[in-house]
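K.L.:
Following this message is one structure expressed as structure tokens.
Put into structure tokens, the structure is as follows:
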């Protein structure tokens, strides 16, 4: 009877990103008896890194594994099994994965899972505790894993643990190479990928599902041979999305690539219902016997069912949920600058609505000092900011009335308006503090740009619908200037660069 060597292997998911590859390395450093096996399909930037540094990395191709029985499989950055030769019903499993569990694990599986932004972080923490000595290439790969899966520490799931693990890798003792990290994080798209990305942008739908912003993009990709995952990442980072679904027609099937940026949407569950797999934040599915249109309808139906079956407390979406309720402090138009400055210093506010108040529009010092502020009985005239007051005072105009320096206008927002409405209003008006009114046009609170930022909203970012900005750009500029920007944009795209317009022009455009 032939006796086989007992093996341990380390496996990850297909279409491996840097967090998956770095997790393979990290687990190999912690469990040196186990053989780290590359997935059969890995992203192009990851493949390029492996090709460049293959002599300094311990990875095995699946076909190069020694003959033997796989006694234990360590699954990293996934809880799905990627079978290799030698595995059978007696193989045991150890999962090391930072993703939220979306399905029950078999009782005999060992699971190590903690809520961090990158799976690599879990392994780096243990490596540091054990005093492992890393080569610069090892440190660089581990740092790439954390950078890519946390958006360089900018994604919402990022934790302080990710930052500390990354700092440890960048320390002189480990010497992760920032130049190499930057090169592989900003890996250029191929010409085919750029063309397909342009098609996807042209055929994008922006849909709101149960308050979540979802992008669905379709394209005919029958003549496309490169990977799709990089395109999903580019679109995810370009727009403010809760989820995106790419629906790509191939010769024999429709390929779906999905990404989520919120715990409310589990794209892995949707992919499994379509016949694919993945985890909550990234998944893919090959769909057979269905057209692109049919696949789109199935995705939206599954998404709607998921959100109804497992509702997650949504982030605030309405102004009344984030405003400071109650009658805001206001100032009369005849108040002089130096008195307004004193009040701003006293209360710490960066701006006040300017209103005509009781009777003849005059306000007494007693009313201004009252804990509840003055009683508003007349109309809103404008807004005065701390910056406006400081500038007037510094120019020796402390005795002049506020009405000479305020931003005139009657900018208010309804308490039931969405945060997107508020963001757009602030961008168009330039008001960073906006009075909130009820259905009787009574002021019931005030909302500030800081309130938006605290909710993770970017008050000056582009509106959700990008075509609206493109339309404004065409009509805002002289024809020769518009065509110049178009030419610069095409040239930048051909080089895989991002080009920006900066300055007051952008504020006026938005």
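Residue numbers (my numbering): 184 to 693. Just so you know, even glycine gets a beta-carbon here, dropped at the ideal spot from N, CA and C.
Do the segment 222-233 and the segment 279-292 make contact, defined as three or more Cβ pairs closer than 8 Å?
P.N.:
Contact fails: fewer than three Cβ-Cβ distances are below 8 Å.
K.L.:
Could you check which residue in 444, 477, 473 and 474 has the C-alpha nearest to that of residue 462?
P.N.:
The option with the nearest alpha carbon to residue 462 is 444.
K.L.:
Using the C-alpha atoms, what's the distance from residue 397 back to residue 593?
P.N.:
C-alpha separation (whole angstroms): 34 Å.
K.L.:
Mapping DSSP to helix, strand and coil, what is residue 192?
P.N.:
Strand, per DSSP.
K.L.:
Do residue 329 and residue 126 count as a contact pair if the criterion is CB distance below 7 Å?
P.N.:
As shown, the chain starts at 184 and ends at 693. That puts residue 126 outside it, with no answer to give.
K.L.:
State the Cα-Cα distance for the pair residue 270 and residue 251, rounded to the nearest angstrom.
P.N.:
About 9 Å.
K.L.:
Measure the C-alpha to C-alpha separation of residue 225 and residue 194 and round it to an integer number of angstroms.
P.N.:
Answer to the nearest angstrom: the Cα atoms are 13 Å apart.
K.L.:
Compare the C-alpha of residue 197 against each of 245, 218, 209 and 237 and name the closest.
P.N.:
Of the candidates 245, 218, 209 and 237, the one whose C-alpha sits nearest the C-alpha of residue 197 is 245.
K.L.:
When the Cα of residue 673 is compared with those of 322, 378, 362 and 456, which residue comes out closest?
P.N.:
It is 378.
K.L.:
Counting only runs of 4+ residues fully inside the segment 330-373, write out the alpha helix (DSSP H) ranges in chain order.
P.N.:
Here the runs fully enclosed are 343-353 and 361-368.
K.L.:
Under 7 Å Cβ to Cβ from residue 260, same chain only, skipping five residues before and after it: list those, please.
P.N.:
Correct list, in chain order: 195, 196, 202, 203, 206, 280 and 302.
K.L.:
Measuring CB to CB, does residue 450 end up less than 7 Å from residue 456?
P.N.:
The answer is no: Cβ separation not under 7 Å.
K.L.:
Note down, in chain order, each residue of its chain lying with its Cβ closer than 7 Å to the Cβ of residue 627, except the 5 sequence neighbours on either side.
P.N.:
Counting only Cβ-Cβ distances below 7 Å, and skipping sequence neighbours, we find 508, 598, 619, 620 and 621.
K.L.:
Under 7 Å, do residue 429 and residue 400 count as touching if we go by C-beta distance?
P.N.:
Yes, the Cβ-Cβ distance between residue 429 and residue 400 is below 7 Å.
K.L.:
With 16 other CB atoms within 10 Å as the buried threshold, where does residue 684 fall?
P.N.:
Answer is exposed; the Cβ neighbour count stays below 16.
K.L.:
Using 8 Å as the threshold, is the segment 514-521 in touch with the segment 575-588, meaning 3 or more CB pairs across them?
P.N.:
With a cut-off of 8 Å, the segment 575-588 and the segment 514-521 count as touching, because enough Cβ pairs lie within range.
K.L.:
Buried or exposed: residue 502, going by 16 or more other Cβ atoms within 10 Å of its Cβ?
P.N.:
Flag for residue 502 reads buried.
K.L.:
Enumerate in chain order the residues of its own chain whose CB-to-CB distance from residue 257 is below 6 Å, with the five nearest sequence positions on each side excluded.
P.N.:
Closer than 6 Å at Cβ, skipping near neighbours: 193, 210, 217 and 277.
K.L.:
So, for residue 489: in the same chain, excluding its five sequence neighbours on each side, which residues have a beta-carbon less than 8 Å away from its beta-carbon?
P.N.:
Cβ neighbours of residue 489 beyond the five flanking positions: 448, 449, 452 and 453.
K.L.:
Around the Cβ of residue 606, are there at least 16 other Cβ atoms within 10 angstroms (buried) or fewer (exposed)?
P.N.:
So residue 606 ends up on the buried side.
K.L.:
I'd like to know whether the C-beta atoms of residue 413 and residue 359 end up nearer to each other than 7 Å.
P.N.:
No, these two residues do not count as a Cβ contact at 7 Å.
K.L.:
Using beta carbons (cut-off 7 Å, strictly below), is residue 595 in contact with chain D?
P.N.:
Absent here is chain D; the protein component of the structure consists of one chain.
K.L.:
Is residue 415 buried or exposed, if buried means 16 or more other CB atoms sit within 10 Å of its CB?
P.N.:
When all chains shown are included, residue 415 counts as buried.
K.L.:
Residue range of the beta strand (DSSP E) that residue 229 falls in?
P.N.:
Note, residue 229: premise wrong, no beta strand (DSSP E); alpha helix (DSSP H) at 227-236.
K.L.:
Expressed to the nearest angstrom, what Euclidean distance is found between the alpha-carbon atoms of residue 274 and residue 331?
P.N.:
C-alpha separation (whole angstroms): 31 Å.
K.L.:
Along the chain, where does the alpha helix (DSSP H) that runs through residue 616 open and close?
P.N.:
Taken as a continuous stretch (DSSP letters only), residue 616 belongs to no alpha helix (DSSP H), being part of the beta strand (DSSP E) at 616-620.
K.L.:
Starting from the C-beta of residue 411, find all residues in its chain whose C-beta is less than 7 Å away, skip the five residues before and the five after it, and write them out in chain order.
P.N.:
Excluding sequence neighbours, residue 411 sits near 429, 431, 438 and 440.
K.L.:
Considering only their Cβ atoms, is the gap separating residue 468 from residue 458 smaller than 7 Å?
P.N.:
Yes.
K.L.:
At the level of alpha carbons, what is the spacing between residue 404 and residue 199?
P.N.:
Cα to Cα, the separation comes out at about 21 Å.
K.L.:
Once you ignore the five residues that flank residue 420 on each side, which residues in its own chain have a CB closer than 8 Å to its CB?
P.N.:
Here the set comprises 334.
K.L.:
Which value, in whole angstroms, describes the spacing of the CA atoms of residue 535 and residue 572?
P.N.:
Straight-line Cα distance between these residues: approximately 11 Å.
K.L.:
Let's see if you can read the secondary structure: which residues bound the beta strand (DSSP E) around residue 631?
P.N.:
Residue 631 -> beta strand (DSSP E) spans 626-631.
K.L.:
Pick from 630, 625 and 402: whose alpha carbon is nearest that of residue 604?
P.N.:
Of the candidates 630, 625 and 402, the one whose C-alpha sits nearest the C-alpha of residue 604 is 630.
K.L.:
Taking only three categories from DSSP, how would you classify residue 551?
P.N.:
Here residue 551 scores only 47 on pLDDT, less than 50, and its place in the model should not be relied on; the value that follows carries that caveat. Helix at residue 551.
K.L.:
Exposed or buried, residue 568, counting other C-beta atoms within 10 Å across all chains shown (16 or more means buried)?
P.N.:
The residue in question, residue 568, is buried, as its Cβ has 16 or more Cβ neighbours within 10 Å.
K.L.:
What does DSSP give as the partner residue(s) for residue 396 in the beta ladder?
P.N.:
Bridge partners of residue 396: 391.
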